[in-house]
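Below is one structure, written out as structure tokens, with a few remarks after it.
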Amino acid sequence: MRRRVIITGVPGVGKTTVVTGALKILEGEGISYRTLNFGSYMFEVAQIEGVVKDRDEMRKLDKDIQKRLQKLAAQKMAREEGNVLIDTHASIKTPGGYLPGLPEWVLKELMPDAIVLVETNEDQVLLRRMTDETRTRDIEGSYGIAEHQQFNRAIAAAYAMVTGCMIKYITNADFLLEKAALDLAAVLR
Ligand code: AMP
Ligand code: MG
Numbered sequence: 001m002r003r004r005v006i007i008t009g010v011p012g013v014g015k016t017t018v019v020t021g022a023l024k025i026l027e028g029e030g031i032s033y034r035t036l037n038f039g040s041y042m043f044e045v046a047q048i049e050g051v052v053k054d055r056d057e058m059r060k061l062d063k064d065i066q067k068r069l070q071k072l073a074a075q076k077m078a079r080e081e082g083n084v085l086i087d088t089h090a091s092i093k094t095p096g097g098y099l100p101g102l103p104e105w106v107l108k109e110l111m112p113d114a115i116v117l118v119e120t121n122e123d124q125v126l127l128r129r130m131t132d133e134t135r136t137r138d139i140e141g142s143y144g145i146a147e148h149q150q151f152n153r154a155i156a157a158a159y160a161m162v163t164g165c166m167i168k169y170i171t172n173a174d175f176l177l178e179k180a181a182l183d184l185a186a187v188l189r
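Going left to right, the sequence shown walks through residues 1 to 189 as our numbering numbers them.
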């Protein structure tokens, strides 16, 4: 049975690392997933159109441009075959407010079996962002990070309402990456 799982989490929570760990566990069991990065699909189009130079500039674009790129990305990902794990965000913190990462028209393209929220304590997220040199992370305090994680839980409930999908919270705490990877592997199995 082919499965589609969406994985989300605030920037810097360590989603990609958890995914890598879970896929390694499943590899030994003969279960494979292809990871599709929502941001990369959007960035590919954004670059061709010349609207941005860096993927971290996309969330500063006009909201209607972001929504158009979002829709094109969803349509493209919907055509992918086999088990897929979509790496994205439940909401994007933009200068104008929270942009839903999975509005109805995106969900109806993707129709996920489950949406995973990778979370941890806001102070840990803040520290991880400060030590990540590879990305242009927004400067934000722990209060803002906590608010964003709260908003993501709220909007995830709305996503379940549209699709009937399962919602799973996974904690990616410091020194407990292995536990997070095992929890994700259990969702993907
Ligand atoms: P990431 O590499 O996951 O941090 O994603 C890079 C950027 O892609 C984000 O900062 C957003 O601007 C954009 N992005 C990713 N997923 C979505 C989505 N579902 N809806 C809208 N924008 C998204
Ligand atoms: Mg990532």
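Cβ atoms here follow ideal geometry from the backbone N, Cα and C, with glycine treated the same way.
Rounded separation between residue i and residue j - CA only
i	j	result
Leu191	Ile145	Nothing about residue 191 can be read from this structure; the chain reaches only from 1 to 189.
Gln75	Gly141	35 Å
Leu102	Tyr159	7 Å
Lys112	His89	This sequence places Pro at residue 112; Lys is not what is there. Their backbone Cα atoms lie some 14 Å apart in a straight line.
Asp132	Gly14	11 Å
Lys168	Thr120	14 Å
Extent of the continuous alpha helix (DSSP H) to which residue i belongs
i	result
Arg2	No alpha helix (DSSP H) contains Arg2, which DSSP labels as neither H nor E.
Val18	15-27
Leu127	122-130
Ile145	142-163
Leu110	104-110
Neighbourhood of residue i by C-beta, 8 Å cutoff - its chain only, sequence neighbours within 5 removed
i	result
Leu26	Ser32, Tyr33, Ala185, Leu188, Arg189
Leu36	Met77, Glu80, Val84, Leu85, Ile86, Asp87
Val17	The amino acid at residue 17 is misidentified as Val; the sequence shows Thr. Cβ within range, chain order: Asn172, Leu177.
Asp54	Thr136
Buried versus exposed call for residue i [16 or more other C-beta atoms within 10 Å across all chains shown]
i	result
Arg4	buried
Thr8	buried
Ile155	buried
Pro95	exposed
Gly30	exposed
Asp62	exposed
Gly93	Per the sequence shown, residue 93 should be read as Lys rather than Gly. Classification of Lys93: buried, given that the 10 Å Cβ count is 16 or more.
Gly164	exposed
Bridge partner(s) assigned by DSSP for residue i
i	result
Asn37	Asp87
Thr94	Gly97
Ile7	Asp87, Val116
Any non-hydrogen atom of the ligand SAH within 6 Å of residue i CB
i	result
Pro103	Absence of the ligand SAH from the depicted structure is noted, with the ligand AMP and the ligand MG being the only ligands included.
Endpoints, beta strand (DSSP E) assigned at residue i
i	result
Ile170	166-171
Gly97	97-100
Other residues of its chain near residue i: CB distance less than 7 Å, five sequence neighbours each side excluded
i	result
Ala46	Val52, Met58, Leu69
Glu109	Ala74, Gln75, Ala78
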